[in-house]
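In our numbering, the protein residues as written are 185 to 248. Have a look at the structure below, then the notes.
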Amino acid sequence: MIRWFIVIFLALVCISWFSPLLQKLGFGKLPGDLRFRLFGREWFIPVTTTILLSFVASLVSQLI
């Protein structure tokens, strides 16, 4: 169980780092992606993008 939390956390961190590139591709603007301002800082939580990229990665791993 804790392993899944670590995997999800790392996926969110990686997607946050690559969010400028992903936004150019159209990701990050999906209906489930959360973007809000708190304490003078903009926060981005890409829930739908994470699910979509996870689905694509699982399909690719099944093909290999």
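From the three backbone atoms N, C-alpha and C, an ideal C-beta is built for every residue, glycine too.
Annotation for Ile-192: Thr-234 place their beta carbon closer than 8 Å to its own, counting only its chain and skipping 5 residues before and after. Setting aside the 5 residues that flank it on each side, Phe-228 is surrounded in the same chain by Ser-200, Ser-203, Gly-212, Asp-217, Leu-218 and Arg-219, each with a C-beta closer than 8 Å to its C-beta; the list follows chain order.
DSSP places Pro-204 inside the alpha helix (DSSP H), whose first and last residues are 203-208. Rounded to the nearest whole angstrom, the CA to CA distance from Leu-194 to Gly-224 is 24 Å. Straight-line spacing of the CA atoms in Leu-247 and Val-240 works out to 11 Å.
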